[in-house]
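Residue numbers (mature numbering (1 follows the signal peptide of the UniProt record, and there is no 0)): -20 to -1, 1 to 74. Glycine included, C-beta positions come from ideal geometry on N, C-alpha and C. Just so we're clear, the structure is a prediction, and the values are computed from it rather than from any experiment. Here is the structure we will look at.
Now the structure itself:
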């Protein structure tokens, strides 16, 4: 299965899953994709999670020096990251 990569996506994640509707996504680098991601694909994504209230960072793949690798639709990420990935797909028709 071909690996689809989404790089340099910075996501400001909501403090709780209930606040996911108020997600703010800043894309720093748009990547042209040959095909859309689908359930079962392996995805690599850099991210930075901050609290909406004060902007304090609670997690970031950049600090670890490697992107988050996960399988789409396998329940391997928190709800905020799922919402972020889905929002990026809608924004950029991926």
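At the C-beta level, residue 52 and residue 23 come within 8 Å of one another.
Take residue 49, set aside five residues on each side of it, and the residues of its chain with a beta-carbon closer than 6 Å to its own are 24, in chain order.
Within its own chain, the residues whose Cβ lies closer than 7 Å to the Cβ of residue 39, once the five positions on either side in sequence are excluded, are 29, listed in chain order. Here residue 6 carries a strand assignment [DSSP, helix/strand/coil]. In summary, residue 9 is exposed, with fewer than 16 beta-carbon neighbours lying within 10 Å of its beta-carbon over all protein chains present.
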